[in-house]
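Residue numbers (the numbering used here): 401 to 837.
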């Protein structure tokens, strides 16, 4: 996510500066002088010239994150999953660094609304649950809001799987909200080996798509006020506006179970289908559930539920293609188009992608668990990508996700050009910056 103004939810607020600089004020951004790097970069492996500090630890389950113009940091806590109960007033964590050492000195929490999505926009902090989008009024200089959350959009379908409502704003006053598909392939009999897929698929009516709403209008519902902007998307958690191209982009989670429900071998089950970087344009259809993308074949193939055999294209050539195809099951959960001047100029043309890491590549080694960078040349994505931040798992090889020390989720840019990354396993937030040394 790009630099935004104040926000609320699982919030971490912190100011950027150095130990000799005064704390941030409401009148302007903090000093650009950088803190001292952690000796081990907080466990991260970074490119030459970069280093990191641990802003805070043990924050719960921080997911997506944003940073205010004065350096305050906000993160949304996903909270307990399943039937677990969440403690009232702890859904957002806010952090502030008072002495400029890069570490949070003040940590406050607010909001009864737990979830994943969070973004600052103007004088509001927006956040999403699995069925609604809310916003808080933020007062400049205040770390947490004094009022209650206002409902922006509700009425999304309740579902067990892929329920997170990730969202992004354009520069024309619209908000785009993901509604994930609740299944792998819209099967007649869910999770049943050999079951065929439904055509037409009823899940494409309100789900498996991204919806557009008025970002400033309160009390909207999906059915009455929403516009289905794109369809045929299985599940999107990473979604972001790119100010340079003035377009919305998203990273899609590909489907699962090609090995358990069909006759794909271990390697095919682990490596296929692609995780996809997509450009979202009005009316685009990305083919779910009828097709999946195979990065080795560089094309969409017909899903086995609809008669595919791992080679047949069928009607799948009619659907929009990804800009970049990543390895299977890596779980892309956030995007950042870098607009700062601190990092080397090459990072201003491309996108950072945060991968939460796989759980379903067994018996092969699990993969992902990193922040990647996909470059552009002459304004177009090259189709390539590289690892930017690694070292999250602490275990090599990693055979089970529960053995990972950290799993990255959210990313945001601070006012001085530093980049902040969250971990929802041990509740850590890192600040990554460039020293050139």
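Idealized CB from N, CA, C, for every residue including glycine.
> Can you name the residues that DSSP bridges to residue 495?
Replying inline: Locating residue 495 in the chain shown gives position 95, counting from the first residue. In the DSSP output, where bridge partners are listed per residue, residue 495 has 473 and 507.
> What residues are listed by DSSP as bridge partners for residue 609?
Replying inline: Taking the chain shown and counting its residues from 1, the one referred to as residue 609 is at position 209. 579 and 631, per the DSSP bridge assignment.
> What runs of the alpha helix (DSSP H), each 4 residues or longer, lie entirely inside the segment 622-704?
Replying inline: 622-625 and 666-671
>> Using the Cβ count rule (16 or more neighbours within 10 Å means buried), how would you classify residue 655?
In response: Counted from its first residue, the chain shown places residue 655 at position 255. Residue 655 comes out buried.
>> Check this for me: beta carbons of residue 494 and residue 456, under 8 Å apart or not?
In response: Along the chain shown, read from residue 1 onward, the residue named residue 494 stands at position 94. Along the chain shown, read from residue 1 onward, the residue named residue 456 stands at position 56. No, these two residues do not count as a Cβ contact at 8 Å.
> Which residue's Cα is closest to the Cα of residue 573: 717, 646 and 439?
Replying inline: Here residue 573 corresponds to residue number 173 of the chain shown, with the count starting at 1. Ranking the options by Cα distance to residue 573, first place goes to 646.
> What residue range is occupied by the uninterrupted beta strand (DSSP E) comprising residue 524?
Replying inline: Working through the chain shown from its first residue, we reach residue 524 at position 124. It spans 524-528 - the beta strand (DSSP E) in which residue 524 sits, taken as one unbroken run.
>> If the criterion is Cβ atoms closer than 8 Å, does the pair residue 755 and residue 674 meet it?
In response: For this step, residue 755 is matched to residue 355 along the chain shown. For this step, residue 674 is matched to residue 274 along the chain shown. Not closer than 8 Å, so no.
>> Buried or exposed for residue 741, going by 16 or more other Cβ atoms inside 10 Å?
In response: For this step, residue 741 is matched to residue 341 along the chain shown. Under this definition residue 741 is an exposed residue.
>> Quick check on this structure: which residue in 440, 684 and 711 has the alpha carbon closest to the alpha carbon of residue 694?
In response: If you number the chain shown from 1, residue 694 lands on position 294. With distances taken between Cα atoms, residue 694 lies closest to 711.
> Between which two residues does the beta strand (DSSP E) harbouring residue 775 extend?
Replying inline: If you number the chain shown from 1, residue 775 lands on position 375. Residues 770-777.
> Given a threshold of 16 other Cβ atoms within 10 Å of its Cβ, counted over all protein chains shown, does residue 807 qualify as buried or as exposed?
Replying inline: Position 407 of the chain shown holds residue 807. Answer is buried; the Cβ neighbour count reaches 16.
>> Assess contact between the segment 530-544 and the segment 552-564, defined as three or more Cβ pairs (one per stretch) separated by less than 8 Å. Is contact present?
In response: Here the segment 530-544 makes contact with the segment 552-564; the two share three or more CB pairs at distances below 8 Å.
> Between residue 702 and residue 658, what straight-line distance do the alpha-carbon atoms span, to the nearest angstrom?
Replying inline: Residue mapping note: residue 702 aligns to position 302 of the chain shown, counting from 1. Residue mapping note: residue 658 aligns to position 258 of the chain shown, counting from 1. Taking the straight line from one Cα to the other gives about 12 Å.
> Which residue's Cα is closest to the Cα of residue 719: 608, 690, 743 and 737?
Replying inline: Here residue 719 corresponds to residue number 319 of the chain shown, with the count starting at 1. Taking residue 719 as reference, the option from 608, 690, 743 and 737 with the minimal CA-CA separation is 690.
> On the three-state DSSP scale, how would you describe residue 512?
Replying inline: Position 112 of the chain shown, counting from 1, holds the residue named residue 512. Three-state DSSP puts residue 512 in coil, outside helix and strand.
> How would you call residue 449, buried or exposed, if buried means at least 16 neighbouring beta carbons within 10 angstroms?
Replying inline: Within the chain shown, the letter at position 49 stands for residue 449. Residue environment: residue 449 is assigned as exposed (fewer than 16 neighbouring CB atoms within 10 Å of its CB, all protein chains considered).
>> Looking at the secondary structure, which residues open and close the beta strand (DSSP E) in which residue 725 lies?
In response: Here the question's residue 725 lines up with position 325 in the chain shown. Segment 724-726, the beta strand (DSSP E) holding residue 725.
> Got a sec? Which residues, its chain only, sit under 8 Å from residue 444 by beta carbon, not counting five neighbours each side?
Replying inline: In the chain shown, counting from the first residue as 1, residue 444 sits at position 44. Hits under 8 Å: 452, 789, 790, 791, 792, 830 and 832.
> What is the DSSP secondary structure of residue 761, reduced to helix, strand or coil?
Replying inline: On the chain shown, residue 761 is found 361 positions in, with the first residue counted as 1. Coil.
> Exposed or buried, what is residue 419 when buried is set at 16 or more other beta-carbons lying within 10 Å of its beta-carbon?
Replying inline: By 1-based counting over the chain shown, the position of residue 419 is 19. A caution first: residue 419 carries a pLDDT of 33, below 50, which makes its placement in the model unreliable, though a value can still be read off. It counts as exposed.
> Which value, in whole angstroms, describes the spacing of the CA atoms of residue 594 and residue 729?
Replying inline: Numbered from its first residue, the chain shown carries residue 594 at position 194. Numbered from its first residue, the chain shown carries residue 729 at position 329. Their Cα atoms are separated by approximately 21 Å.
> Given 8 Å as the limit, is there contact between the segment 511-518 and the segment 462-470, that is, 3 or more CB pairs closer than that?
Replying inline: Enough Cβ pairs lie closer than 8 Å, so yes.
> Under a three-way DSSP split, which group does residue 717 fall into?
Replying inline: Here residue 717 corresponds to residue number 317 of the chain shown, with the count starting at 1. Helix.
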